[in-house]
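Quick note on numbering: our numbering labels position 460 of the sequence shown as 566, and the sequence is numbered without any gaps.
Even glycine gets a Cβ: it sits at the ideal position worked out from N, Cα and C.
Scroll down for the structure; my scribbles are underneath it.
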Amino acid sequence: MQEQKNRDFLKISKAADLSGMDKKIYRVLEILPGFLSWSTLLSLIIFSYFYPVYVAYFVVAFDIYWLLLVVYLGIHLVVSYIMLKRNLAVDWKKKCESIIGWERIRHLVILPTYNEGLDVLRSTFDALAHDSYPNDKMIVVLAIEERAGQGAKERARTIEREYGHIFGRFLVTIHPDDIVGELKGKGSNQAWAAKKAKEQIIDPENMPYGDILVSVFDIDTIVISGYFHRLTYAFLTVENPYRASYQPIPMYHNNLWQAPFFSRVAARSNTFWQMMQQIRDEKMVTYSSHSMTWQALVDIGFWSTNMVSEDSRIFYNCFVYYDGDYRVEPLYFPISMDVTMDTTPWKTMKSLYIQQRRWGWGAENVAYLIFNFIKRYKQSPKYVYIRHIMVQIYGFHSWATNALITAFVGWLPIILGGERFRQSVLSSNLPSVTQFLMTFAMVGLVISTIVSTLLLPPRPRHYGFGKTLTMVLQWAVLPLVIICFGSFPALEAQTRLMFGKYMGFWVTPKKR
């Protein structure tokens, strides 16, 4: 009975889902990320006025920490790049065929879409059709939204006519627009699609759950040939494969050359973060397009239908359901997606900010993890839970504050500390010490520029060498991009969560 009670908290999304003391506890936990971020920033401002010496020492210590962190992450980025290139050179089809029974594995691919055009859909389906994995072992579901109107249905019919005969099974699902309690977004759409695939294909044909891997891809995801063999090989060779999700590296190459420079830098920065996380797999959670076992998806009751950050929450649903015995296996293998781009640079800025704010809303996982840890305290593996909780708290706190501290806090003791502090030796040395440390920290920028250049897709013919040069020079705006499209939207998301101003799901425009 107690076990069932604990599992009842598996799909909570916010404090309003609860009642009584549970609701109050969860609400306090929702406030925590924003409270920590704002407390840090406001404390530094206040202390810069009353205790400028202490803040000055803090700034020096923080700059040293930042320098060491940049070097540490730079090493991880280089190692991940080497692993990525090595895996791209492997014949994964041949390696799979060396394993007895590999051909039993089927792949269910769910592609939720809203109002994306046929150019986006066709490029995604072309890549699936030309992957090296046997097409008859593929179950492809195009999940459209009823609220997208007749245009979405017509596009779905076109795709079914052009590609439906290629795969072993093909299904178009229409997610209703009037389901009570659902959030209009990707999670509810793909959950509906998975349930329909179960009802109409998997169960009627008695397909073994243990032989199905499900990949949920953003509609702009273009798989690199060999992805499904790579995924299959990982599943068949890792330890305890049913307690893992499988994460590729998002590359954002589809429209990289066309997108504005600031959007490219933001996208590439996210790629680098995902590459570094592949090395630190104990800290990984699922992100955007990823794969997992069908059995795990059925066990936890599919994706939550009222979540904004459904891509990471599905990992934590499994993590809680399996009492901490769940992880993410890095694939060191790329997929290609769209850089955020709208019809004008200004609209692109707006779209990019809103996208980053939606990603920053993942801070809601902090409350979810801590609350379930409390509810499952007796049977939960405490170290594993605490590690994930601390990783989440640190990650979202640093996302919202680190860039702001680096850019602005170093000047606060001088500006607010008064004449007495400004006349001190520490005050006169603080700018030079900070500049010295930040200059060395530029090694991270250099590494990013080199790796980014090595990862560039072929330059389209209508662009000249000058365009390639801008791909290198664009990294000069990285500090500004990290603040404007990193710290600010993350801080806003945490502030909204802190005050209970819950966000809806926003679909990023797909323009090429």
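240 is the residue among 240, 258, 296 whose C-alpha sits nearest the C-alpha of residue 274.
Contact annotation: the segment 309–327 touches the segment 393–411, with at least three C-beta pairs closer than 8 Å. Taking every protein chain shown into account, the CB of residue 271 has fewer than 16 other CB atoms within 10 angstroms, so this residue is exposed. Bounds of the beta strand (DSSP E) holding residue 398 are 396–399.
For residue 251, the enclosing beta strand (DSSP E) covers residues 244–251.
With respect to residue 280, residue 250 sits close: the two C-beta atoms are nearer than 8 Å. Per DSSP, the unbroken beta strand (DSSP E) holding residue 279 starts and ends at 275–281. Here DSSP, grouped into helix, strand and coil, assigns residue 322 to strand. Taking one beta carbon from each stretch, the segment 185–199 and the segment 282–291 have fewer than 3 pairs nearer than 8 Å; the two do not touch.
Contact annotation: the segment 453–460 touches the segment 355–368, with at least three C-beta pairs closer than 8 Å.
With a contact defined as Cβ atoms closer than 8 Å, residue 277 and residue 557 miss out at about 39 Å. DSSP places residue 528 in the helix class (H, G or I) of the three-state scheme. When the beta-carbon positions are compared, residue 614 and residue 450 stay at least 8 Å from each other. If you check the CB distance, residue 315 and residue 435 do not come in under 8 Å. Counting C-beta pairs with one atom in each stretch, the segment 512–525 and the segment 131–139 have fewer than three that are closer than 8 Å, which means they do not touch.
In the three-state DSSP reduction, residue 447 falls in the strand class (E or B).
With respect to residue 439, residue 391 sits apart: the two C-beta atoms are not nearer than 8 Å.
When only Cα atoms are considered, residue 119 and residue 401 end up about 23 Å apart.
One alpha carbon belongs to residue 465, the other to residue 213, and they sit about 27 Å apart.
DSSP lists 351 as the beta-bridge partner residues of residue 434.
Using a Cβ distance threshold of 8 Å, residue 609 and residue 467 count as a contacting pair. With a contact defined as Cβ atoms closer than 8 Å, residue 153 and residue 481 miss out at about 37 Å. With contacts defined as CB atoms closer than 8 Å, residue 344 and residue 587 fail to qualify as a contacting pair. The secondary-structure analysis by DSSP pairs residue 616 across a beta bridge with 447. In its chain, beyond the 5 residues on either side, 463, 466 have a beta carbon closer than 8 Å to the beta carbon of residue 598. In the structure shown, the three-state DSSP call for residue 549 is helix. Here the C-alpha atom of residue 476 lies approximately 29 Å from the C-alpha atom of residue 375.
Take the alpha-carbon of residue 268 and the one of residue 385: they are about 40 Å apart.
Residue 218 has 249 as its beta-bridge partners, per DSSP. Taken atom to atom, the span from the alpha-carbon of residue 333 to that of residue 382 is near 20 Å.
Taking each of 149, 130, 134, 129 in turn and checking the Cα distance to residue 507, the smallest one comes out for 149. When rounded, the separation of the alpha-carbon atoms in residue 168 and residue 509 is 11 Å. The alpha-carbon of residue 292 is positioned some 13 Å away from that of residue 418.
Proximity of the segment 227–237 to the segment 194–204 falls short of the contact definition, fewer than three beta-carbon pairs being nearer than 8 Å. Going by DSSP, residue 225 is part of the alpha helix (DSSP H) stretching over 224–235. Sequence-distant partners of residue 539 (beyond 5 residues in either direction) whose C-beta falls short of 7 Å from its own C-beta, in its chain, are 166.
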